[in-house]
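Down below is the structure, laid out as structure tokens.
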Amino acid sequence: MSEAPTPKRLQHEFAPLDWSRAHRTPIQMRYSDTDALGHVNNAAYVQYLETSRVVMLAELQGGYTELRSVVARLELDYVRELRLGQEVVVETLIGHLGTRSMSFLSRIVADGVPCAFARVIGVGVDEHNAPVPLPASLRTLMAPFLAGESA
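Right, here's the structure in full:
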């Protein structure tokens, strides 16, 4: 008997990346993250991704403070549901470091199984929210997390 093929929605383009190099952020789920169906609401996934980016930047060099940024784009593919009580970790790689923007590639993993994949594009801005170049020091700090994605 042959194994059933993996459903297309579980065959994500980010799945083959080397996630062993990723920054990891454990997530403390709350009861309020769940909906009437008993699974984690889709909006909570976005909060988990935000928490991961903030923690990652804060942990670099004991707290990275040179960067002001805004989210310009967020792509999120849900592949499995999350349920309260699972051990959830957001793993994040840097897909691309451009002149003024960078992409965070993330996967949300529950009990060791990928449940969602995301790409978040952040743009460096000044105090007037005008785009500015990313600091050179940021490139050095992010280098260990580069996934090598061509964007």
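All letters in the sequence shown, in the order written, are residues 1 to 151 by our numbering.
Beta carbons are placed, not taken as given, at the ideal position from N, Cα and C, and that holds for glycine.
All values reported here derive from a predicted model rather than from experimental measurement.
Residue i, DSSP secondary structure in three states
i: P144; result: helix
i: L158; result: This structure gives no information on residue 158, because the portion of the chain shown stretches from 1 to 151.
i: E13; result: coil
i: V46; result: helix
i: D18; result: coil
i: D77; result: strand
Alpha carbon of residue i to alpha carbon of residue j, nearest angstrom
i: G112; j: V55; result: 20 Å
i: H128; j: L37; result: 42 Å
i: H23; j: E59; result: 10 Å
i: G95; j: M102; result: 7 Å
i: Y78; j: C115; result: 6 Å
i: S20; j: V46; result: 22 Å
i: A72; j: M142; result: 19 Å
i: D146; j: L76; result: For the record, residue 146 in the displayed sequence is Leu; it is not Asp. Cα-Cα distance, rounded: 20 Å.
i: D18; j: R139; result: 19 Å
i: L57; j: L97; result: 14 Å
Below-7 Å beta-carbon distance, residue i vs any chain B residue
i: S69; result: The chain labelled as chain B is not found in the depicted structure, where only one protein chain is given.
Neighbourhood of residue i by C-beta distance below 7 Å, restricted to the same chain and skipping five residues each side
i: L49; result: V90, S106, A118, V120
i: P131; result: R100, V123, G124, V125
Best match in the options for proximity to residue i [C-alpha to C-alpha]
i: S52; options: F104, Q11, E81; result: F104
i: T34; options: A43, L74, I27; result: A43
i: T25; options: H39, A72, I108, P133; result: I108
i: V88; options: A110, P135, M142; result: A110
Spatial neighbours of residue i in its chain, beta-carbon cut-off 8 Å, leaving aside the 5 residues before and after
i: G85; result: M29
i: P144; result: R21
i: V70; result: G122, V123, V125, N129
6 Å Cβ shell around residue i - same chain, five flanking residues per side excluded
i: V81; result: For the record, residue 81 in the displayed sequence is Glu; it is not Val. The residues are H39.
i: R68; result: V125
3-residue-minimum beta strand (DSSP E) runs that sit fully inside the region 82-144, ordered along the chain | 88-97, 101-110, 113-124
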